[in-house]
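Just so you know, the sequence shown maps onto residues 463 to 524 in our numbering.
Glycine included, each C-beta is placed from N, C-alpha and C at the ideal position.
Shown next, in structure tokens, is the structure this report addresses.
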Amino acid sequence: MMSDVLVIKSRHAVRPERLRELRRDILTQKETGVIVLPSCVDAVIVPDDIKIVIDDEEREER
């Protein structure tokens, strides 16, 4: 397995603009070693040196 590849899977259709924004966010956050993903995606493959945090906005709004 490639240790420097992050694979995510969306649970629903995502607009191209949002995908570009998500990609930019991931690339920026990668430098810190922690990547915050929206709750609408699942991390399928995660590099060993990266920690994934899921931002559950729906839960916070309740």
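Three-state secondary structure (DSSP) of residue i
| i | result |
| --- | --- |
| isoleucine 488 | helix |
| proline 500 | strand |
Status (buried if at least 16 other CB within 10 Å, exposed otherwise) for residue i
| i | result |
| --- | --- |
| isoleucine 507 | exposed |
| isoleucine 516 | exposed |
Close-in-space but distant-in-sequence residues of the same chain around residue i (CB under 6 Å, 5 per side omitted)
| i | result |
| --- | --- |
| valine 476 | none |
Neighbourhood of residue i by C-beta distance below 7 Å, restricted to the same chain and skipping five residues each side
| i | result |
| --- | --- |
| aspartate 510 | Ser465 |
| lysine 471 | Val503, Asp504 and Val506 |
Beta carbon of residue i nearer than 8 Å to that of residue j
| i | j | result |
| --- | --- | --- |
| arginine 473 | aspartate 504 | yes |
| serine 514 | isoleucine 497 | In the sequence under discussion, the amino acid at residue 514 is isoleucine, which differs from the serine named in the question. Yes, they are a contact pair. |
Beta-ladder partner(s) of residue i, from DSSP
| i | result |
| --- | --- |
| alanine 505 | Ile470 |
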